[in-house]
Amino acid sequence: MGTAQAEEIITGIKSLANPENVAGMARFGINPANTYGVSIPILRKMAREIGKNHELALELWETGIHEARLLACFIDRPDMIAGEQMERWVKDFDSWDVCDQCCGNLFDRTRFAHKKAVTWCEREEEFVRRAGFVLMACLAVHDKKAGDQAFIEFLPLIKTHAGDER
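If you want our numbering, it's the 1-based position in the sequence shown plus 9.
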């Protein structure tokens, strides 16, 4: 980790550790490795205090710490995200909550969102495919400029993969 700000944030996350929350998260299928049990409302408050910061988001993601990755999703700037970053991050998803938070708070606001939704649904990796479908759902809610055709194009993919029991 590089900057003092990133180190200070990680220290703050560790100081808020809640082992009971980690155990509860594990029961809900969230990977407990590198997890401190800091709640989403606390992370959102931290994100508001930090503000949008692309470089810091990249640093936080690279720590591999669950809460730092969620925070990265909250503070990154969608206009600065490249398709390559999305590919790197989606490969790092190891639980449904990081997948869903990243897609619903960041990826769905990028210029690559519709394309990634389609390509990721066709992939076999569990959380990559999930990210594709989460993006579709988030786009349906957040992308008010897209016409019906953009979403109609998702229907064959939804039908094809509806039986995926993961």
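Quick reminder that beta carbons are idealized off the backbone N, C-alpha and C, glycines included. If you're wondering where the values come from, they're calculated on a predicted model, not measured in any experiment.
- Take F83, set aside five residues on each side of it, and the residues of its chain with a beta-carbon closer than 7 Å to its own are L52, R53, A56 and N114, in chain order.
- Between L148 and A155, the C-beta spacing is below 8 Å.
- When secondary structure is reduced to three states using DSSP, T128 falls in the helix class.
- With fewer than 16 other Cβ atoms inside 10 Å of its own Cβ, R97 counts as exposed.
- Excluding residues up to 5 positions away in sequence, M145 lie with their Cβ nearer than 6 Å to the Cβ of F163 in the same chain.
- Put simply, of P165, D101, F116 and Q110 the residue whose alpha carbon is nearest the alpha carbon of E131 is P165.
- A residue is called buried once 16 or more other Cβ atoms fall within 10 Å of its Cβ, and R36, having fewer, is exposed.
- Around the C-beta of K125, 16 or more other C-beta atoms lie within 10 Å, and the residue is accordingly described as buried.
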